[in-house]
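Using the working numbering, you'd call the opening residue of the sequence shown number 9 and step up by one each time.
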Amino acid sequence: MTVQYKFPDGFWWGSAVSATQIEGASREGGKGLNIWDYWYEKEPDRFFNGVGPDTTSDFYHRYKEDIQLMKEIGHNTFRFSISWSRLIPDGIGEINKQAIQFYNDVIDEMLANHIKPFVNLYHFDMPLEMQKLGGWESREVVEAYARYAKTCFTLFGDRVKKWFTHNEPIVPVEGGYLYDFHYPNIVDFKKAVQVAYHTIIAHAKAIKEFRSVQIPNGKIGIILNLTPSYPRSSHPADIKAAEIADLFFNRSFLDPAVKGKYPEELIALLKEYDQMPEVEEGDRELLQSNTVDILGVNYYQPRRVKAKSHLPNPESPFMPEWFFDNYEMPGRKMNPYRGWEIYEKGIYDIMVNIKENYDNIESFISENGMGVEGEERFIQDDMINDDYRIQFVKEHLKWLHKAIEEGANVKGYHMWTFMDNWSWSNAYKNRYGFISIDLQTQKRTPKKSAYWIKETSQNNGFTE
Ligand code: BGP
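The following block contains the structure:
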């Protein structure tokens with residue numbers, strides 16, 4: 009059969025999840041609390057319909073059934089995260105044997121079904137005891153994380169060959185320290201910079217541990233949400249606004265992770281506004297000598313910006329938005345449920361940028377997807393007919409295919425997400441999965457897109 013959009017041999021087809029969003033069992037199996045368990049206890053109203061992270065999609069108990077479904081829909085790879093507070097309940101002390109057993113079982117079950125595990129170490133889920141020390145504000149927590157990372161490599165590295173230090177590390181910075189959508193709900197740019205800096209130092213230390221453990225054929229990377237910054241116009245002020253947004257939200261992690269150093273322009277800007285973080289001797293060398301082997305790219309939406317129309321209030325908290333205004337492009341295509349623009353070409357622009365400016369490092373799409381509210385509207389013959397999701401994936405894959413044809417070193421495409429899961433404050437509002445979940449019974453039912461992805465992975469591509 010001739011396939012119109014054919015992907016390279018061995019292309020990784022799969023999906024991604026994170027521990028807090030699917031495991032449930034938040035107080036079972038010896039797990040310690042993390043900031044989500046704690047924040048929900050404190051402020052349940054900040055979560056959609058008051059639904060918290062305690063049960064989520066119950067993967068902790070149903071992983072066998074879920075892995076069977078993954079196999080059935082053609083996954084050859086799957087990314088999950090280890091919950092730091094499950095493995096080391098207080099973040100630094102004793103290792104929880106039940107957690108070792110659980111993650112061993114998940115990994116073994118995946119391998120027995122020919123699904124390669126991609127494992128991420130940190131997905132927004134700071135152990136509560138570590139947050140009490142200041143979370144990423146604290147250098148002590150950086151050290152604890154490096155120990156946790158080493159523990160994971162040692163325990164699971166015989167079977168797990170793809171490792172990731174962080175998922176979207178800019179998000180806890182934005183959510184927890186700038187825009188009030190993650191615990192600890194602080195608004196303080198200088199702390200945000202410190203948190204971002206410590207996250208990348210922790211990342212480099214984990215890579216150093218990884219190299220010393222020496223996992224045969226092992227690779228380590230980071231997963232970044234790259235949001236291309238498009239200026240409203242070619243006016244120099246708009247272009248400058250877009251460049252600054254790019255520095256803050258993309259290059260702040262992309263450059264140190266891939267190139268081992270921060271962009272000069274970012275350092276100059278932070279110095280000018282007296283917002284530099286505290287650094288320690290040896291940090292620069294640490295970053296330089298511990299760059300990634302592989303880059304995961306999460307892509308959902310572009311960022312459109314324009315030059316500021318008004319000067320910022322000098323009395324207000326210093327913010328990235330002191331340098332640009334967000335721009336609503338007329339006629340933009342929206343996902344109204346999530347409030348995110350859909351711009352498929354963005355995926356291509358990111359890959360061209362990585363090819364041209366980041367040494368064409370090995371990469372893959374580690375998340376892309378579409379959250380839709382009220383999907384039961386689309387049920388026909390007991391199945392959600394999510395044609396909009398199939399369309400969304402196709403259009404993104406076409407652009408990805410074009411980037412690959414032009415030489416981008418892209419090895420796979422993972423969807424967010426495998427089955428409907430709990431989202432950080434939206435809980436189960438928007439559904440993203442190939443598999444739907446009935447929250448009352450936890451029954452899993454493949455959506456139409458599950459059958460589509462199965463065929464696409466089997467054919468290693470698709471025809472329009
Ligand atoms: C990414 C995160 C995921 C996931 C996804 C969808 O930023 O890595 O954890 O949640 O976005 O976003 P949301 O759940 O906020 O709709």
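From the three backbone atoms N, C-alpha and C, an ideal C-beta is built for every residue, glycine too.
Source: prediction; values computed, not measured.
Alpha-carbon to alpha-carbon, residue j and residue i
i, j, result
"residue 345", "residue 429", "16 Å"
"residue 395", "residue 374", "22 Å"
"residue 437", "residue 55", "10 Å"
"residue 393", "residue 456", "5 Å"
"residue 42", "residue 48", "10 Å"
"residue 135", "residue 242", "45 Å"
"residue 93", "residue 315", "43 Å"
"residue 336", "residue 240", "9 Å"
"residue 96", "residue 103", "5 Å"
"residue 258", "residue 245", "19 Å"
"residue 421", "residue 372", "6 Å"
"residue 126", "residue 286", "33 Å"
"residue 52", "residue 58", "5 Å"
"residue 304", "residue 101", "30 Å"
"residue 218", "residue 105", "22 Å"
"residue 175", "residue 432", "14 Å"
"residue 409", "residue 14", "8 Å"
"residue 321", "residue 328", "13 Å"
"residue 467", "residue 83", "12 Å"
"residue 44", "residue 234", "24 Å"
"residue 80", "residue 381", "26 Å"
"residue 185", "residue 324", "15 Å"
"residue 260", "residue 435", "29 Å"
"residue 288", "residue 270", "15 Å"
"residue 121", "residue 255", "42 Å"
"residue 262", "residue 439", "29 Å"
"residue 109", "residue 67", "14 Å"
"residue 359", "residue 266", "14 Å"
"residue 368", "residue 192", "37 Å"
"residue 273", "residue 293", "20 Å"
"residue 17", "residue 398", "22 Å"
"residue 295", "residue 277", "20 Å"
"residue 290", "residue 151", "14 Å"
"residue 462", "residue 111", "26 Å"
Same chain only: Cβ atoms within 7 Å of residue i, ignoring 5 sequence neighbours per side
i, result
"residue 137", "40, 98 and 99"
"residue 149", "138, 141, 142 and 143"
"residue 317", "333"
"residue 340", "349"
"residue 386", "392, 393 and 394"
"residue 1", "With the chain running from 9 to 472 in the structure shown, residue 1 is simply not present."
"residue 472", "12"
Same chain, Cβ closer than 6 Å to residue i, five either side skipped, listed in chain order
i, result
"residue 153", "210"
"residue 181", "200, 203 and 204"
"residue 215", "228 and 298"
"residue 400", "378"
"residue 238", "310 and 312"
"residue 161", "218 and 221"
"residue 89", "26, 27, 128 and 131"
"residue 302", "227, 229 and 370"
Cβ neighbours of residue i in the same chain (closer than 8 Å, five flanking residues each side left out)
i, result
"residue 69", "32 and 33"
"residue 91", "27, 28, 31, 39, 42, 107 and 133"
"residue 113", "71"
"residue 1", "Within the shown structure, residues of the chain are numbered from 9 to 472, placing residue 1 beyond reach of any answer."
"residue 208", "177, 261, 264, 265 and 295"
Integer-rounded CB distance, given that residue j should sit under 8 Å from residue i
i, j, result
"residue 85", "residue 123", "7 Å"
"residue 157", "residue 119", "About 21 Å separates the two Cβ atoms, so there is no contact after all."
"residue 350", "residue 342", "7 Å"
"residue 23", "residue 426", "4 Å"
"residue 376", "residue 307", "5 Å"
"residue 206", "residue 145", "7 Å"
"residue 224", "residue 357", "Going by Cβ atoms, the distance from residue 224 to residue 357 rounds to 36 Å, so no, they are not a contact pair."
"residue 283", "residue 197", "6 Å"
"residue 331", "residue 249", "6 Å"
The region 223 to 230 in contact with the region 171 to 188 per 3-pair CB rule at 8 Å: Counting Cβ pairs under 8 Å, three or more are found: they touch.
Validate contact between the region 406 to 419 and the region 362 to 373 using beta carbons, cut 8 Å, 3 pairs: Segment contact: the region 406 to 419 against the region 362 to 373, three or more CB-CB distances shorter than 8 Å; contact assigned.
Stretch pair the region 31 to 40 + the region 62 to 76: three plus CB contacts closer than 8 Å: yes
Every unbroken alpha helix (DSSP H) inside the region 384 to 457 [4 residues or more]: 395 to 413
Length-filtered (3 minimum) beta strand (DSSP E) runs lying within the region 256 to 307: For the region 256 to 307, whole beta strand (DSSP E) runs of length 3 or above, ordered along the chain, are 302 to 306.
Ranges of the alpha helix (DSSP H) found wholly within the region 166 to 203, counting only runs of at least 4: 178 to 185
Whole runs of the alpha helix (DSSP H) within the region 214 to 241, excluding any shorter than 4 residues: Listed in chain order, nothing qualifies, since the region 214 to 241 has no complete alpha helix (DSSP H) run of 4 or more residues.
Stretch pair the region 403 to 414 + the region 444 to 455: three plus CB contacts closer than 8 Å: no
Residue ranges of each alpha helix (DSSP H) within the region 74 to 135, 4 or longer: 92 to 95 and 105 to 120
Length-filtered (3 minimum) beta strand (DSSP E) runs lying within the region 298 to 356: 302 to 306 and 311 to 314
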